[in-house]
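Novice:
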Amino acid sequence: MSVTTAGATQAITVTVNGEERSVEVESRLLLVHFLRDTLRLTGTHVGCDTTSCGACTVLLDGVPVKSCTHFAIQADGREIKTVEGLMEGGQLHPIQQGFHEEHGLQCGFCTPGMMLTAVALLAENPDPSEEEIRWAISGNICRCTGYQNIVKAVQWAAAKLREA
Amino acid sequence: MYPARFEYVRPESLDEAIGALEEDAKVLAGGMSLIPLMKLRFAAPAKLVDINRIEGLDGLAEDGGRLRIGPLVRHGACERSPLLRGRYGVLGEAARLIADPIVRNLGTVCGSLAHADPSGDWGSAMLAVRAEVVARGPNGERVIPIDEFFVAPFTTSLQPGEILTEVRVRDASVRAGGAYLKLERKVGDFATAAVAVHLSFSNGTVERAGIGLTAVGPTNLRASEAEQSLVGKAVDDAAIEEASRLAAQAAQPVADVRGSAEFKRQAIRVLTARALRKAAQATGESESFSGHETIEGVMEEIREKEES
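If you're matching them up, the sequences are chains A and B in order.
In terms of my numbering, the first sequence is residues 172 to 335.
In terms of my numbering, the second sequence is residues 5 to 312.
1) Going by C-alpha to C-alpha distance, which of L332/A, C227/A, T213/A sits closest to H264/A?
2) Can you have a look at Q163/B and say buried or exposed, based on whether 16 or more other CB atoms are within 10 angstroms of its CB?
3) With a cut-off of 8 Å, does the C-beta of P157/B fall near any C-beta of chain A?
4) What is the residue span of the alpha helix (DSSP H) that P105/B lies within?
5) With S233/B as the anchor, note down where its alpha helix (DSSP H) starts and where it stops.
6) Please list, in chain order, the residues of the stretch 172-196 of chain A that have any C-beta partner in chain B closer than 9 Å.
7) Got a sec: which bits of the stretch 44-63 of chain B sit with their beta carbon under 9 Å from any beta carbon on chain A, in order along the chain?
8) Between which two residues does the beta strand (DSSP E) containing R174/B stretch?
9) Just the C-alpha distance for G23/B and V194/A, rounded to the nearest angstrom, thanks.
10) Checking 8 Å against the spacing of the C-beta atoms, do L250/B and A230/B come in under that value?
11) Comparing the C-beta of R189/B with each C-beta of chain A, is any distance below 8 Å?
12) Is the stretch 103-119 of chain B in contact with the stretch 198-211 of chain B, if contact means three or more CB pairs nearer than 8 Å?
13) State the DSSP-derived secondary structure class of S17/B, mapped to helix, strand or coil.
14) Since I22/B meets chain A, which of its residues come closer than 9 Å, beta carbon to beta carbon?
15) Does the beta carbon of E26/B come closer than 8 Å to any beta carbon on chain A?
16) Could you name the residues that DSSP lists as bridge partners for Q181/A?
17) Roughly how many angstroms lie between the CA atoms of G80/B and V254/A, to the nearest whole one?
18) Just the chain B side, please: which residues come within less than 7 Å of Q245/A by C-beta, in chain order?
19) When the cut-off is 8 Å and only beta carbons count, does L110/B lie next to chain A?
20) Apply the 10 Å Cβ neighbour rule to D104/B and answer buried if 16 or more other Cβ atoms are within range, or exposed otherwise.
21) Kindly list, in the order they appear in chain A, the residues whose Cβ is closer than 9 Å to that of V13/B.
22) Could you tell me the distance, in whole angstroms, from the CA atom of I312/A to the CA atom of F280/A?
23) By the three-class DSSP mapping on this structure, what secondary structure does V290/A have?
24) Could you tell me the alpha carbon to alpha carbon distance between E291/B and G182/B, rounded to whole angstroms?
25) Contact criterion: CB-CB distance below 8 Å. Does P299/A meet it with respect to chain B?
26) According to DSSP, Y12/B sits in a beta bridge with which residue or residues?
27) E97/B versus chain A: which residues are under 9 Å apart at the beta carbon?
28) From the beta carbon of E83/B, is the nearest beta carbon of chain A less than 8 Å away?
29) Give me the Cα-Cα distance between D121/B and T209/A, rounded to the nearest whole angstrom.
30) Look at A139/B and I150/B and say whether their C-beta atoms are less than 8 Å apart.
31) Ends of the beta strand (DSSP E) at L206/A?
32) Between the stretch 192-205 of chain B and chain A, which residues of the former have CB atoms less than 8 Å from a CB of the latter, in chain order?
33) Measure from the C-beta of W306/A to each C-beta in chain B and report whether the shortest distance is under 8 Å.
34) Please report how far the alpha carbon of K186/B lies from the alpha carbon of F267/B, in whole angstroms.
35) Who are the Cβ neighbours of S85/B in its own chain at under 7 Å, not counting the five residues just before and after it?
36) In this structure, how does DSSP classify H202/B when only helix, strand and coil are distinguished?
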């Protein structure tokens, strides 16, 4: 049984966007602050800070989670994907291309979380209906677009990924 | 927002977890209620016992005439489980209406029950199916009927040092069905009001009825008189009207930002009637509604009733 006393730090190893990172953390450090402040990956945003808005969504072993409501120490030994890890080999990920092509963002604050949720959806369901897309992104709040173009962006990415 | 400092332990077995539980320690499963409370400093446990790495706690299966739900079964797993449709339909429907899909990826059934928020959805669903919860502590295991589990807001009959290790549901008969209907302002909000219904039938009449009410009392409530009024009857318009009237009477709503007490009481009446029809239809004993109820729809039915 591993024990980390209050206020002490503990070494954790987390694979972030394919790269193994070993860092000392305090037990109360939230995953989102670990990503933003410790690793300087500021693409993951803090929105509501109360588990409501989904701006801080990252993939934990492929599953979307709200990183403001998860301790970094819980992620020890696991894999995290953030928006910085979507691009591969200098190429934007199809979901990023979709948001670009379909104008799926205005201010962009919700976009990283929105895209990661969409990536997880498309991994599970390559050809989702509009309703399934809206259901999947219902934990990610956008205050600009009215969701219309976000849905189109996800559909664009789905089509692109099915071609590949 | 930062929680207060705490000791973090990650046991590898339930026995280790129970050994680590002491006064002022909390079990960390999904963390979807506990972590927000800690961030807001409503809770500052001295120790968190993270059970997420313990093998074998995510069982969701029927076994020996019982449905068994382990302590790491997430809401999302229940939402997707083919087992929680049909005769256990109230459970599958409640699962898909909890919070939002991302929260459902981590939040657990047992954690939600142990948190005992009177606005929680699982409590009503478990009252409807007459579940039992299993608690394990330093002195062994005990089985607690769900009616003895909820004591007060955020308070259960779990003793310090005990951990909730399973929820059990007695085999629902083949001719059983259920529904969970929830009125909420938006996805992810707690219920304004919600109703869980579970019915089993024998020879075309109700053999057993379970009705649980969400967000209209100090705990999730059982609408006992409404349940009793249905036993031995066919689910027809008269039976539905009487049962939904009794369910509304059993509600103890208070006014808040989500609505007046009277509005919530009327919402319970409308939702109970709809859920009864849906449950009866699910068993082939009797039209279809989506789980998310709109305020406009409920208001319309309330007005119709007032006018008639």
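Cβ atoms here follow ideal geometry from the backbone N, Cα and C, with glycine treated the same way.
Specialist: Judging by the given coordinates:
1) L332/A
2) exposed
3) no
4) 105-110
5) 228-234
6) M172, S173, V174, T175, T176, A177, G178, A179, Q181
7) L44, A50, K51, L52, D54, N56, R57
8) 167-174
9) 29 Å
10) yes
11) no
12) no
13) coil
14) Near I22/B there are no residues of chain A at all, since even the closest Cβ is about 12 Å away, more than 9 Å.
15) no
16) V196/A
17) 23 Å
18) D54, N56
19) yes
20) buried
21) M172, S173, V174, T175
22) 10 Å
23) helix
24) Bear in mind that a pLDDT of 44 at E291/B, under 50, signals an unreliable position, so the model cannot answer this.
25) no
26) T175/A, L52/B
27) Within chain A, no residue comes near E97/B; the closest Cβ sits about 14 Å away, beyond 9 Å.
28) no
29) 35 Å
30) no
31) Unbroken run through L206/A: none, as it is neither H nor E.
32) G192
33) yes
34) 14 Å
35) L64, G96
36) strand
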